[in-house]
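**Q** In terms of the numbering used here, the sequence shown opens at residue 8 and continues consecutively.
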Amino acid sequence: FLDEPTPGLDAQSIHAIWELIRRMNSEGTTIFMTTHQIEEANQLCERVAIISHGKIAAIDTPEKLKANFRRVQSVEVAFDNPLPEKIQGLTSLPGVTVQVKVGDKIRLYTEDPSMLLPQIVHYAEVNEMRIVSLNTLGPSLEDVFLEITGKQVGIVTNESLEKKPTRRGMKGGRQ
8 FLDEPTPGLD AQSIHAIWEL IRRMNSEGTT IFMTTHQIEE ANQLCERVAI ISHGKIAAID
68 TPEKLKANFR RVQSVEVAFD NPLPEKIQGL TSLPGVTVQV KVGDKIRLYT EDPSMLLPQI
128 VHYAEVNEMR IVSLNTLGPS LEDVFLEITG KQVGIVTNES LEKKPTRRGM KGGRQ
C-alpha cells in the first residue's frame with residue numbers, strides 16, 4: 008500500500024519511484040496506491056477509482072474512464088506575444104464551451120476539435136497573431152475527475168477565491 012508516494016519530490020526522484028513501482032508490479036506485486044497526483048495515477052495504474060464525498064464514484068481503467076468522457080475535448084494553442092483582448096476573443100468562436108489559460112497556452116474546450124482548428128487559424132490570421140503551437144487533446148484523467156466530482160473545467164467560483172482566516176489571523180498575532 009502506497010499513500011501519496013511522491014509529493015514534494017523533484018522530477019528525477021518521482022520517475023525513479025515510478026520505475027520501482029512498475030518493476031514491482033511487473034514481478035507480480037499488486038500495489039494499492041492513493042494519490043492526488045492525477046497524472047501519477049494515469050501513468051501507473053491499471054485501474055483507477057475516483058472518490059467523491061467519501062464514496063467511489065467511478066472505477067475502471069484510465070483509458071475506459073477517459074473514453075466515457077469524449078465530450079470533454081480541447082484544443083490548446085500558444086501565440087507569440089498575444090494581446091490579452093485578442094486572447095479573450097477566442098471565447099466567441101463557435102463551439103467553444105470554456106476557455107482556460109494553462110501556462111503560456113490557451114485551452115479551448117469543445118465537443119468538436121476538428122471544427123475548431125480552422126477557426127483558430129483564421130482568427131489568428133485576421134488578428135495578426137502568430138501561432139507557436141496548436142494541438143488537440145482528448146479528455147485527460149483530470150478532466151474526468153472534475154466531471155465526476157461535479158467540478159466544471161475552467162470555472163473559478165467566488166467561494167474558491169475567498170480567503171479563510173488563518174488561526175494566527177483570527178487570534179490577532181503577527182501576520
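The beta carbon of each residue, even a glycine, is placed where N, CA and C say it ideally should be.
Using DSSP with H/G/I as helix, E/B as strand and the rest coil, what is Ser147?
**A** coil
**Q** Answer yes or no: do Gln80 and Leu144 have a C-beta to C-beta separation smaller than 9 Å?
**A** yes
**Q** Can you look up Ala18 in the DSSP assignment and give me helix, strand or coil?
**A** In the structure shown, Ala18 sits in a helix (DSSP, three-state: H, G or I).
**Q** Leaving out five residues on either side along the sequence, give the residues of the same chain with a beta carbon under 7 Å from the beta carbon of Arg54.
**A** Ile66, Asp67, Thr68
**Q** Can you give me the start and stop residues for the alpha helix (DSSP H) that Gln95 sits inside?
**A** According to the DSSP assignment, Gln95 belongs to the alpha helix (DSSP H) that extends over 91-95.
**Q** Under 8 Å by Cβ, that's how I've got Leu148 and Lys73 pegged, so tell me the actual separation to the nearest angstrom.
**A** 6 Å
**Q** Cutting at 6 Å between CB atoms, please list the residues of its own chain near Ile52, excluding the five before and the five after it.
**A** Sequence inspection shows Cys at residue 52; the Ile mentioned does not correspond to that position. None.
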